[in-house]
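Right, one structure below, let's go through it.
Protein chains: 2
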Amino acid sequence: MGTPLSRDPIAEARRNWEEHGWADVAAPMAAITAIMRTQQILLARIESTLKPFGLTFARYELLALLSFARKGSLPMNKASALLQVHPTSITNAVDRLERAGLVDRSPHPTDGRTTLIELTTAGRTLAKRATAALNAEVFSAPGFDPGDVDHLIRILGAFRRNAGDFEA
Amino acid sequence: MGTPLSRDPIAEARRNWEEHGWADVAAPMAAITAIMRTQQILLARIESTLKPFGLTFARYELLALLSFARKGSLPMNKASALLQVHPTSITNAVDRLERAGLVDRSPHPTDGRTTLIELTTAGRTLAKRATAALNAEVFSAPGFDPGDVDHLIRILGAFRRNAGDFEA
DNA sequence: TGAATATACTAGGACATCCAATGGTTGGGC
DNA sequence: GCCCAACCATTGGATGTCCTAGTATATTCA
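Protein chains in written order, with this note's numbering: chain H, -3 to 164; chain V, -3 to 164.
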């Protein structure tokens, strides 16, 4: 990215909100905008780490999920639910992973509507190496104060629960 | 989205990390994944609020930025820097906003390389109405505990500064 | 002054996401 | 036993983001 700005653009936006009579919602606006920007920064780091493996974050998430599955396979709709993305995104990711020889599609033994996804040997190996890279290059030095990490997990966990992601 | 899951999928992932010998980075991994998911939820709310106005979040951000510009116009590279997105994203957004009659392009008076973006009357009106809708439907009840909002602003502000977004 | 470098925007391609619509498959209610 | 609503995966279209490359204009410097 370019040169650092001389002032925090989100703090600027917050001031603008306050000057226009929206002081009551200025702080939440700033927090939400900050989350947007933080996600963008983190995603860029992750994508950059995964690039040498030929993976995007979306495809990595699917590989990682499969690598933790007890049976080694997962129905597509389960993957969609657990990763909280639309079924079409799973279809898209599986298409590319399958073309790359990292996963296989197979029909569900009893339910003809369902398709199972399974890691190939190459997929399992790549998932391990990509996870090691993410741990080393992103998660081990995330840029948060260690004490703040627990704050974030608690605050965002409550938010996600309120939003209906999961139950208490 | 579907039914709430019975357990927090990010807490599950954290457990998986710990069981595989990556306990030292499990917490940051969980925090980062939670930011990704939180951004997704918030973006969906924002897009849903903006949809009746024919706006996306990217285009709204540009309209809002222009509405706060002193001169009422902004060079495209300034918009790119302040919104922290790729110049091509600005080109894309301006293309669509211009086609919708919400902004105009004009040449910079002294620098022939630069293009200025300016709100039309319709653009200024729509920006006001869209902001009012976001304030009412998203920012006024963001789903965070009021005390947590300040925590978030502080934690994410420090992160963004460390990441080189702006200077102290 | 004239060439080399830097800057600003645009064009085309890859990827991910969502939505709406389609075609199979299941399973419960009658 | 049959039918229809619910479910599953896929396709096609729209949007946004980034990357690479290309064109035009400015600026710097020998």
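Yeah, the Cβ is synthetic: ideal placement off N, Cα and C, and Gly gets one too.
Item to check | Own chain, CB closer than 7 Å to T45(V), minus 5 neighbours either side, in chain order | outcome: A129, L130, E133, V134
Checklist entry - So which residues on chain V does T34(H) lean against when the C-beta distance must stay under 7 Å? => result I31, L152, F155, R156
Checklist entry - Can you give the beta carbon distance from S69(V) to L38(V), rounded, assuming they're within the 8 Å contact cut? => result Between L38(V) and S69(V) the Cβ distance is about 30 Å, and since that is not below 8 Å, they are no contact.
Checklist entry - How about I86(V): is its C-beta nearer than 8 Å to some C-beta of chain H? => result no
Checklist entry - Considering only the beta carbon of each residue, do I86(H) and S76(H) sit closer than 8 Å? => result yes
Checklist entry - Which residue comes first and which comes last in the alpha helix (DSSP H) that contains V99(V)? => result From DSSP, V99(V) is part of no alpha helix (DSSP H) but of the beta strand (DSSP E) over 99 to 103.
Next on the checklist: For a contact defined as C-beta to C-beta under 7 Å, what are the partners of F49(V) on chain H?
Outcome noted: The premise fails here: F49(V) is roughly 17 Å from chain H at the closest Cβ pair, so nothing lies under 7 Å.
Checklist entry - Secondary structure at T111(H), three-state DSSP: helix, strand or coil? => result strand
Next on the checklist: Distance check for A26(H) and A9(H), CA to CA, integer angstroms please.
Outcome noted: 7 Å
Next on the checklist: Can you tell me whether T127(V) is buried or exposed? The criterion is at least 16 other CB atoms within 10 Å of its CB, across all chains shown.
Outcome noted: buried
Checklist entry - Around the C-beta of G153(V), are 16 or more other C-beta atoms found within 10 angstroms, so that it is buried, or is it exposed? => result buried
Checklist entry - By DSSP, does L1(V) sit in helix, in strand, or in coil? => result strand
Checklist entry - Is any beta-carbon of chain V found at less than 8 Å from that of G160(H)? => result yes
Checklist entry - Is E163(V) buried or exposed, if buried means 16 or more other CB atoms sit within 10 Å of its CB? => result exposed
Checklist entry - Just checking my contact of L148(H) with A118(H) at CB under 8 Å: how many whole Å lie between their CB atoms? => result In fact, because the Cβ distance is near 35 Å, the residues do not count as touching under 8 Å.
Item to check | Any chain H beta carbon closer than 8 Å to D107(V) | outcome: no
Item to check | Cα-Cα separation, L1(V) to T34(V) | outcome: 16 Å
Checklist entry - Could you give the residue range of the alpha helix (DSSP H) that holds P48(V)? => result Taken as a continuous stretch (DSSP letters only), P48(V) belongs to no alpha helix (DSSP H), as it is neither H nor E.
Next on the checklist: Contact defined as beta carbons within less than 8 Å: I believe N12(H) pairs with F64(V). What is the distance between those atoms, to the nearest angstrom?
Outcome noted: 5 Å
Next on the checklist: On the DSSP letters alone, give me the boundaries of the alpha helix (DSSP H) that S85(V) sits inside.
Outcome noted: 83 to 95
Item to check | Contact set between A165(H) and chain V, taken where Cβ atoms lie within less than 7 Å | outcome: Here chain H comprises residues numbered -3 to 164, so residue 165(H) is not present and cannot be evaluated.
Item to check | Neighbourhood of A22(H) by C-beta, 6 Å cutoff - its chain only, sequence neighbours within 5 removed | outcome: R10, W13, E14
Checklist entry - A23(H) versus chain V: which residues are under 8 Å apart at the beta carbon? => result V145, D146, I149
Item to check | Alpha-carbon to alpha-carbon, D100(V) and R55(V) | outcome: 14 Å
Item to check | Contacting residues, own chain, Cβ-Cβ under 8 Å from D161(V) (five flanking each side not counted) | outcome: Q80
Next on the checklist: Just to confirm, is the Cβ distance from L115(H) to L62(H) under 8 Å?
Outcome noted: yes
Item to check | Whole-number beta carbon distance between D144(V) and I31(H), since they are thought to touch under 8 Å | outcome: With a Cβ gap of about 12 Å, I31(H) and D144(V) do not count as contacting.
Checklist entry - Going by Cα to Cα distance, which pick from P24(H), T52(H), P105(H), R125(H) is closest to P71(H)? => result P105(H)
Checklist entry - What did DSSP end up calling P71(V) once you bin it into helix, strand or coil? => result strand
Next on the checklist: Between P163(V) and chain H, is any beta-carbon pair separated by less than 8 Å?
Outcome noted: Per the sequence presented here, residue 163(V) reads as Glu, with Pro not at that position. Chain H contact via Cβ: present.
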